[in-house]
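Beneath this line is the structure, given in structure tokens, with notes to follow.
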Amino acid sequence: MNGSTSFETITNYLPVKHRKYLLDIPSEKLNGLMEVRFRVGGPLYFVYSDKILFLSLKGGMTSLYNKKEVYIVTAEDIKETIERLCHYSIHSCSKQLSQGYFVIANGVRVGVSGSYSSSPHPHLTEFTSLNFRISRCLEGCAEEIFSTCFDKNIIICGGVNSGKTTLLRDLCRLSGNLRKTVLIDERNEISCLKNGIPQNDVGAMTDILCNCSRSDGIISAIRTLSPELIVCDEIASVSDAEAIINGIGCGVKFIITAHGSNYDELIKRREISDLTESGSFDTIVFLKGASYPGKIREFRRLRNGI
């Protein structure tokens, strides 16, 4: 999905008065666009890996924030956009509003912030900001990792916006075209499943488990889907690590990601040290960081890797 196609998808959900400004932006200005954000009383702005631009009242974008010269978002703007996301039936979208995000066409995810209700099943009722996040499908970006680490258990590590999810998505696609793969997509960030159809290509033989915890998803996948490989994002708990180690013991390979910029930082987290000390993982791939998203800094071989 290219940025302009995703951008057009985003504009379809915004109030008409936004569109006349947005649709006049030249397509080349959208290259590398990652997010479109707006909040009540603040500017509508565009996030790139290396810059932030604001929507100018004069047309186009500007890198300079001047409250009198950029578009300032109103509560009515947010309300109208939420109504469009819910197809004018907010009650029917209680699940999305309890999770705090929507998935729309072209793999665009919309994060929502605001106040949660005090009901037995809390969901957002007062909306303060929206973040339209463009899903990047860069086919072939993970070829080096795939060819170097095929049939190995690997951890991909990097900081915020380092490209972990984009690489993981492409690894899932490459693996899922060759063998039985299960994607544990806890927050629907990788496949961007909508109406049962993945908006992103994650492989011809990839089964997807969404909106479940990683540990529960791994256990369920091994019991019912006979995977050769399980792919999951952002390992974050000891229960995740336990499920992965048990899965490897059943003969399943794993590709996972974790947040961390270097090895010393990484192994301070118990769930990661449990994985590395188990001797189950072969390689950690460290990424360069937000300035070079998706670029590899180092392949670190684990001495006890199998």
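Every letter in the sequence shown is one number past the one before it in our numbering, and letter 120, counting from 1, is 286.
Don't be surprised by glycine CBs; every beta carbon is placed ideally from N, CA and C.
Small disclaimer: the values here were computed from a predicted structure and weren't measured.
Give the secondary structure of residue 187 by DSSP, where H, G and I count as helix, E and B as strand, and everything else as coil. Counting from 1 along the sequence shown, the entry for residue 187 is found at position 21. Three-state DSSP puts residue 187 in a helix.
Buried or exposed by the 16-neighbour rule on C-beta atoms within 10 Å, applied to residue 416: Taking the sequence shown and counting its residues from 1, the one referred to as residue 416 is at position 250. So residue 416 ends up on the exposed side.
Does the count of Cβ pairs from the segment 392-400 and the segment 330-350 closer than 8 Å reach three? With the cut-off at 8 Å, the segment 392-400 and the segment 330-350 touch.
Once DSSP output is grouped into helix, strand and coil, what is the label at residue 462? Taking the sequence shown and counting its residues from 1, one reaches residue 462 at position 296. Reduced to three states, the DSSP call for residue 462 is strand.
Cutoff 6 Å; reference residue 220; Cβ partners in own chain excluding five residues on either side: For the purposes of this step, residue 220 is taken as residue 54 along the sequence shown, with counting starting at 1. Cβ neighbours of residue 220 within its own chain (closer than 6 Å, five residues either side excluded): 209, 211, 228, 231 and 236.
Starting from residue 261, follow the alpha helix (DSSP H) in both directions and report where the run begins and ends. Against the sequence shown, residue 261 aligns to sequence position 95. Unbroken alpha helix (DSSP H) run through residue 261: 260-265.
Quick one: give me the first and last residue of the alpha helix (DSSP H) that residue 244 is part of. By one-based count along the sequence shown, residue 244 stands at place 78. Looking at the DSSP string, the run of the alpha helix (DSSP H) that includes residue 244 is 241-251.
Starting from the Cα of residue 426, find the closest Cα among 455, 403 and 404 and give me that residue. Position 260 of the sequence shown holds residue 426. When only C-alpha atoms are compared, the closest one is 455.
Which of helix, strand or coil DSSP assigns to residue 373: Sequence index remark: in the sequence shown, residue 373 carries index 207 (1-based). Note: residue 373 maps to strand in three-state DSSP.
In the DSSP assignment, find the unbroken alpha helix (DSSP H) run with residue 174 in it and report its ends. Your numbering for residue 174 matches position 8 in the sequence shown. Looking at the DSSP string, the run of the alpha helix (DSSP H) that includes residue 174 is 169-177.
Cβ-Cβ distance between residue 291 and residue 283 below 7 Å: Here residue 291 refers to the residue found at position 125 when the sequence shown is read from its first residue. Here residue 283 refers to the residue found at position 117 when the sequence shown is read from its first residue. Yes; because the gap between Cβ atoms is below 7 Å, this pair is in contact.
Do the segment 261-269 and the segment 358-375 meet, that is, are 3 or more Cβ pairs less than 8 Å apart? Yes: the two stretches touch, three or more of their Cβ pairs being nearer than 8 Å.
Taking residue 371 as the reference, give the member of 400, 263 and 337 with the closest Cα. For this step, residue 371 is matched to residue 205 along the sequence shown. Selected option, being the one with the closest Cα: 337.
Of the residues 204, 214 and 402, the one placed nearest residue 457, counting alpha carbons only: On the sequence shown, position 291 is the one that residue 457 refers to. It is 214 whose Cα lies nearest to the Cα of residue 457.
Alpha carbon to alpha carbon, how far is residue 467 from residue 443? Within the sequence shown, residue 467 is the residue found at index 301, counting from 1. Within the sequence shown, residue 443 is the residue found at index 277, counting from 1. Rounded to the nearest angstrom, the two C-alpha atoms are 13 Å apart.
So residue 320 packs on residue 451, CB below 8 Å; how close in whole Å? Here the question's residue 320 lines up with position 154 in the sequence shown. Here the question's residue 451 lines up with position 285 in the sequence shown. Correct: roughly 6 Å between the Cβ atoms.
For residue 329, is the classification buried or exposed, using 16 other Cβ atoms within 10 angstroms of its Cβ as the cut-off for buried? Walking along the sequence shown from the start, residue 329 turns up at place 163. A buried status is given to residue 329, since no fewer than 16 other beta-carbon atoms sit within 10 Å of its beta-carbon.
Taking just the CA atoms, how far does residue 465 sit from residue 171? Within the sequence shown, the letter at position 5 stands for residue 171. Within the sequence shown, the letter at position 299 stands for residue 465. Rounded to whole angstroms, the separation of the alpha carbons of residue 465 and residue 171 is 34 Å.
Smallest Cα separation from residue 424: which of 239, 262 and 439? Counted from its first residue, the sequence shown places residue 424 at position 258. Looking from the CA of residue 424, the closest CA among 239, 262 and 439 belongs to 439.
Collapsed DSSP secondary structure at residue 419 in the structure displayed: Here residue 419 is taken as the residue at index 253 of the sequence shown, counted from 1. In the structure shown, residue 419 sits in a strand (DSSP, three-state: E or B).
Which value, in whole angstroms, describes the spacing of the CA atoms of residue 241 and residue 422? Working through the sequence shown from its first residue, we reach residue 241 at position 75. Working through the sequence shown from its first residue, we reach residue 422 at position 256. Separation of residue 241 and residue 422 (C-alpha to C-alpha, rounded to the nearest whole angstrom) is 39 Å.
In terms of DSSP beta bridges, what is residue 467 paired with? For the purposes of this step, residue 467 is taken as the residue at position 301 of the sequence shown. For residue 467, the beta-bridge partners assigned by DSSP are 449.
Just mark residue 275 as buried or exposed, buried being the case when its beta carbon has 16 or more other beta carbons within 10 Å. For the purposes of this step, residue 275 is taken as residue 109 along the sequence shown, with counting starting at 1. By the neighbour-count rule (16 or more Cβ atoms within 10 Å), residue 275 is buried.
Can you name, in chain order, every residue of its own chain whose Cβ lies under 6 Å from the Cβ of residue 367, other than the five neighbours on each side? Counted from its first residue, the sequence shown places residue 367 at position 201. Cβ neighbours of residue 367 beyond the five flanking positions: 339.
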